[in-house]
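*Asks:* Counting from 154, one number per residue, gives the positions in the sequence shown under the working numbering. Beta carbons: idealized from backbone N, C-alpha and C, even for Gly. Below: one structure in C-alpha cells.
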Amino acid sequence: MSTVPDNLDRRFRAAAAAAGCLDVAWALADSPIGELLLATTPRGICRIAFDPNVDAVLERLGETFGARVLGSAGPLEPLRGELDEYFEGKRRRFDVPVDLSGLTSFHRTALGALSDVGYGMATTYGELARRLARPQAARAVGGAMHRNPVPIVVPCHRVIGADGRLTGYAGGLERKRSLLALEGVSLEPPQGTTSW
C-alpha cells in the first residue's frame with residue numbers, strides 16, 4: 154500500500170479548491186466549545202457541525218451539494234479567522250457568505266429572521282414566528298433553529314424559550330449557555346414581565 158506524501162496531498166487539495174473543482178471543501182477546527190467540522194461550497198459556508206460524526210456529515214454534504222467533497226482547509230480560512238475573532242470577543246457579526254440552498258424555503262426564511270437579532274440580544278421562538286407573520290408556528294420555527302446547518306454564524310443560540318429558559322440547541326445547552334455568556338446575554342426576562 155502506497156501513501157501520498159503530506160506536502161503533495163496538501164498541494165493537491167489546495168489546487169483542487171483553487172481550480173473550483175470542489176462541490177464542498179471541509180476541515181476540522183478546534184474551538185473553545187469543542188471540535189467543529191467546517192464546510193463551504195463555492196457560494197458560502199454550508200455546515201458547522203459540533204462534535205461531528207465526520208463520515209455522516211460528509212455523506213450528507215455529498216447528498217445535498219454534490220459528490221466532490223474534499224478536505225481542504227484553504228477555502229475555510231476566512232471562516233476560521235472570523236470564528237477566532239468571535240471567540241476572542243472581537244467580532245460581533247460574521248461577514249462570510251452563507252449557502253443555505255439545501256434547505257426548504259420556510260427553513261431559510263426562519264433562519265433569515267435571525268439577522269435582526271444582534272450580538273448580545275435574545276429573542277423567543279414565538280417572537281420569530283410573529284416576525285414571519287405565522288404566530289402559531291413557534292414549534293416549526295424551533296424545528297428550523299434546531300436543524301440550522303451553520304450555527305454560530307447564523308445565531309440560533311440567541312433564540313430562547315418564552316419564559317427565558319434555554320431550550321433546544323443541537324450543540325447542547327452547555328454550548329448555547331457558553332455562546333450567550335460570551336455575548337453577555339442575560340437569561341432573565343425583563344422586570345415586571347413573565348415572558349420576552
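Can you list, in chain order, the residues of its chain whose CB lies under 7 Å from that of Gly-306, leaving out five sequence neighbours each side?
*Replies:* Position 153 of the sequence shown, counted from the first residue, corresponds to residue 306. According to the sequence shown, residue 306 is Val rather than Gly. Closer than 7 Å at the Cβ level, and outside the excluded window around Val-306, lie Ile-198, Ile-201, Phe-247, Val-249 and Val-251.
*Asks:* To which residues does DSSP link Leu-191 through a beta bridge?
*Replies:* In the sequence shown, residue 191 corresponds to position 38, counting from 1. DSSP lists Ala-180 and Ile-201 as partners of Leu-191.
*Asks:* If I'm right that Thr-194 touches Val-177 with Cβ under 8 Å, what's the distance once you round it to whole angstroms?
*Replies:* In the sequence shown, counting from the first residue as 1, residue 194 sits at position 41. In the sequence shown, counting from the first residue as 1, residue 177 sits at position 24. Indeed they touch by this definition, with Cβ atoms about 6 Å apart.
*Asks:* Check whether the region 262-281 touches the region 214-225, counting contact only when three or more Cβ pairs, one atom from each stretch, lie closer than 8 Å.
*Replies:* no
*Asks:* Looking at the structure shown, is Gly-224 part of a helix, part of a strand, or coil, going by DSSP?
*Replies:* Locating residue 224 in the sequence shown gives position 71, counting from the first residue. Gly-224 falls in the strand class under three-state DSSP.
*Asks:* Just to confirm my understanding: we take Ala-167, look at its own chain, exclude 5 residues before and 5 after, and list those with CB closer than 8 Å. What are they?
*Replies:* Translated into positions along the sequence shown, residue 167 becomes position 14. Taken in chain order, the residues that qualify are Ser-225 and Gly-227.
*Asks:* So what's Val-210 in DSSP terms, helix, strand or just coil?
*Replies:* Start at 1 with the first residue of the sequence shown, and residue 210 comes out as number 57. In the structure shown, Val-210 sits in a helix (DSSP, three-state: H, G or I).
*Asks:* Any beta-carbon of chain C closer than 9 Å to the one on Leu-340?
*Replies:* The structure shown contains no chain C; it holds only a single protein chain.
*Asks:* Taking only runs that begin and end inside the region 239-300, name each unbroken alpha helix (DSSP H) of 4 or more residues, in chain order.
*Replies:* 258-265, 278-284 and 291-299
*Asks:* Name the one or two DSSP bridge partners that Ile-313 has.
*Replies:* On the sequence shown, residue 313 is found 160 positions in, with the first residue counted as 1. Paired residues: Thr-277.
*Asks:* DSSP state of Leu-340, grouped into three classes?
*Replies:* Along the sequence shown, one-based indexing puts residue 340 at 187. In this structure, Leu-340 counts as coil in the three-state DSSP scheme.
*Asks:* Give a yes or no on whether the C-beta atoms belonging to Tyr-278 and Gly-295 are separated by under 9 Å.
*Replies:* Counting from 1 along the sequence shown, the entry for residue 278 is found at position 125. Counting from 1 along the sequence shown, the entry for residue 295 is found at position 142. Cβ atoms of Tyr-278 and Gly-295: closer than 9 Å.
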